[in-house]
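Participant: Okay, here's the structure, questions in a sec.
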Amino acid sequence: LAKTTQPISMDSYEGQEVNITCSHNNIATNDYITWYQQFPSQGPRFIIQGYKTKVTNEVASLFIPADRKSSTLSLPRVSLSDTAVYYCLVGDGGATNKLIFGTGTLLAVQP
Amino acid sequence: KAGVTQTPRYLIKTRGQQVTLSCSPISGHRSVSWYQQTPGQGLQFLFEYFSETQRNKGNFPGRFSGRQFSNSRSEMNVSTLELGDSALYLCASSLPSEIYGYTFGSGTRLTVV
Numbered sequence: 001l002a003k004t005t006q007p008i009s010m011d012s013y014e015g016q017e018v019n020i021t022c023s024h025n026n027i028a029t030n031d032y033i034t035w036y037q038q039f040p041s042q043g044p045r046f047i048i049q050g051y052k053t054k055v056t057n058e059v060a061s062l063f064i065p066a067d068r069k070s071s072t073l074s075l076p077r078v079s080l081s082d083t084a085v086y087y088c089l090v091g092d093g094g095a096t097n098k099l100i101f102g103t104g105t106l107l108a109v110q111p
Numbered sequence: 001k002a003g004v005t006q007t008p009r010y011l012i013k014t015r016g017q018q019v020t021l022s023c024s025p026i027s028g029h030r031s032v033s034w035y036q037q038t039p040g041q042g043l044q045f046l047f048e049y050f051s052e053t054q055r056n057k058g059n060f061p062g063r064f065s066g067r068q069f070s071n072s073r074s075e076m077n078v079s080t081l082e083l084g085d086s087a088l089y090l091c092a093s094s095l096p097s098e099i100y101g102y103t104f105g106s107g108t109r110l111t112v113v
């Protein structure tokens, strides 16, 4: 599975757009990029998944450049309730079919 | 639809005892995975079951075991508990066709004293 690198922490204010970048230089052709959100003492929650270019859903956007060696999770107009740890995962599910979590990015949103 | 249900939510055990945790996946999900989360080691993969068969196993000692039943419900067991086994144990389920689109339960908080 491709190793991912994310910032350990980020700070933001309510109403701002937050972009969290994940580096995955060894991404394989069949790998997808998936982001999870986790609040304290809860299980991670699937946010968004993509393979290339841009994916958008009701909570976030995922930007993937042509070389796919990085990806950016964009959270529009964050609120206090978006304070959580965000994990970037890369893989094809396939034969391994297990999630390898890195340290994640702790996003702290302030009023 | 109902989410992934884990029971119990909290558990306190004594060193040397054993414990069994239960996970009921989302209806129709046949893949069930287990994870251990601690402040020091983060989220670590324990094992994954599909159609009652263990398909993958993480780097944990043999004291950690699991099984899956024909209705896809899964249990994990930890024998001879150690203080270091204190953690949040998370279960996740998915459809076979999903790539990392897992749904996690709220977990079982195990404290070993």
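The listed protein sequences correspond, in order, to chains A and B.
Sequential numbering of the first sequence, starting at 1, is according to the numbering used here.
Sequential numbering of the second sequence, starting at 1, is according to the numbering used here.
Backbone N, C-alpha and C fix where the C-beta goes; we use that ideal spot for every residue, glycine too.
Keep in mind it's a predicted model, so treat the numbers as computed, not measured.
1) Whose CA, out of GLN37/B, THR53/B, CYS23/B and SER22/B, lies closest to the CA of PHE123/B?
2) Do we get a CB-CB distance below 9 Å when we pair LEU106/A with the residues of chain B?
3) Per DSSP, SER74/A is paired with what?
4) For a quick check, are the C-beta atoms of LEU95/B and GLY105/B less than 9 Å apart?
5) Considering only the alpha carbon of each residue, which of VAL78/B, GLN18/B, VAL32/B and ASN77/B lies closest to THR5/B?
6) For ASP11/A, which of helix, strand or coil comes out of DSSP?
7) Pull up the DSSP beta-bridge partners for ASN26/A, would you.
8) Contact criterion: CB-CB distance below 9 Å. Does LEU43/B meet it with respect to chain A?
9) So MET10/A and LEU107/A are supposed to be a Cβ contact under 8 Å. How far apart are they, rounded?
10) To which residues does DSSP link LYS57/B through a beta bridge?
11) Locate the beta strand (DSSP E) running through LYS69/A, then write down its first and last residues.
12) Per DSSP, GLN37/B is paired with what?
13) Within 8 Å: the Cβ of CYS22/A and any heavy atom of the ligand HEM?
14) Based on the DSSP secondary-structure assignment, which residues constitute the bridge partners of TYR86/A?
Facilitator: Taking the structure as given:
1) Outside the displayed range of chain B (1 to 113) lies residue 123/B, so it cannot be described from this structure.
2) The residue labelled residue 106/A in the question sits at position 106 within the first sequence. Judged by the 9 Å Cβ criterion, LEU106/A is not in contact with chain B.
3) Counting from 1 along the first sequence, the entry for residue 74/A is found at position 74. Partner(s): ASN19/A and SER61/A.
4) Mapped onto the second sequence, residue 95/B falls at position 95. Mapped onto the second sequence, residue 105/B falls at position 105. Not closer than 9 Å, so no.
5) Taking the first residue of the second sequence as 1, we reach residue 5/B at position 5. Among VAL78/B, GLN18/B, VAL32/B and ASN77/B, the Cα nearest to that of THR5/B belongs to VAL32/B.
6) To locate residue 11/A, count along the first sequence from 1; it is residue 11. Of the three classes helix, strand and coil, the one that applies to ASP11/A here is strand, per DSSP.
7) Stepping through the first sequence from its first residue, residue 26/A is reached at position 26. Paired residues: none, contrary to the question.
8) Within the second sequence, numbered from 1, the residue matching residue 43/B stands at position 43. Closer than 9 Å to some Cβ of chain A, the Cβ of LEU43/B qualifies, so yes.
9) Against the first sequence, residue 10/A aligns to sequence position 10. Against the first sequence, residue 107/A aligns to sequence position 107. About 5 Å separates the two Cβ atoms, so the contact holds.
10) Here the question's residue 57/B lines up with position 57 in the second sequence. PHE47/B.
11) To locate residue 69/A, count along the first sequence from 1; it is residue 69. LYS69/A -> no beta strand (DSSP E), and no H or E assigned at all.
12) Counted from its first residue, the second sequence places residue 37/B at position 37. Answer by DSSP bridge pairing, in chain order: LEU43/B and LEU88/B.
13) No copy of the ligand HEM appears in this structure; indeed no ligand is present at all.
14) The sequence position of residue 86/A within the first sequence is 86, counting from 1. Looking at the DSSP assignment, TYR86/A forms a beta bridge with GLN37/A and THR105/A.
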